[in-house]
Amino acid sequence: MIIYFRLNTIATIADVERAFLQISLRDEDRDAVRFLFPELESNQTDPYKFQVYRFKRVMFGVNVSPFLLSATIKYRIEKFREQYPAETEMLDTCLYVLTT
189 MIIYFRLNTI
199 ATIADVERAF
209 LQISLRDEDR
219 DAVRFLFPEL
229 ESNQTDPYKF
239 QVYRFKRVMF
249 GVNVSPFLLS
259 ATIKYRIEKF
269 REQYPAETEM
279 LDTCLYVLTT
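Whatever position you read off the sequence shown (first residue = 1), add 188 for the working numbering.
This is the structure in structure tokens:
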């Protein structure tokens with residue numbers, strides 16, 4: 189990857205943490221990422237009462253997050269390949285998402 193970095197005059201590096209906020213989960217997949225949150229009512233009699241929530245976005249920091257980001261980017265590249273052939277070819281060959 190360092191070789192690709194030196195081929196062109198301009199290089200770009202980005203922190204992709206915010207990119208995960210742009211990736212939505214389909215409605216049918218949201219049940220796989222449910223979590224419990226305690227209900228915080230002042231008149232609560234049961235201390236073990238929880239509300240079930242579901243994530244709408246891909247979670248950052250999960251061990252598969254880099255793979256999901258990379259797969260999403262590759263999907264978008266393929267979607268626009270006919271419309272922007274030169275740009276998508278450059279992104280496809282030069283883009284690297286660290287997955288460690």
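Note that the Cβ used here is the ideal one computed from N, Cα and C, for glycine as well.
As the structure is a computational prediction, the values presented were derived from the model and not from experiment.
Under the criterion of beta carbons closer than 8 Å, Ala207 and Leu283 do not qualify as touching, at roughly 12 Å. By the neighbour-count criterion, in which 16 or more other beta carbons inside 10 Å mark a residue as buried, Ser212 falls on the exposed side.
Counting only residues of its own chain and dropping the five nearest sequence neighbours on each side, Pro226 has a CB closer than 6 Å to the CB of Phe238.
Apart from sequence neighbours up to five positions away, the residues of its chain that approach Arg269 with a beta-carbon distance below 6 Å are Thr276, ordered along the chain. Between the C-alpha atoms of Gln210 and Phe255 there is a straight-line separation of about 15 Å. In the DSSP assignment, Tyr241 falls within the beta strand (DSSP E) that extends over 238-242. Between Leu279 and Tyr241, the alpha-carbon positions lie close to 36 Å from each other. The C-alpha of Ile261 is placed about 22 Å away from the C-alpha of Leu195. Our two residues, Leu224 and Arg264, have alpha carbons roughly 33 Å apart in a direct line.
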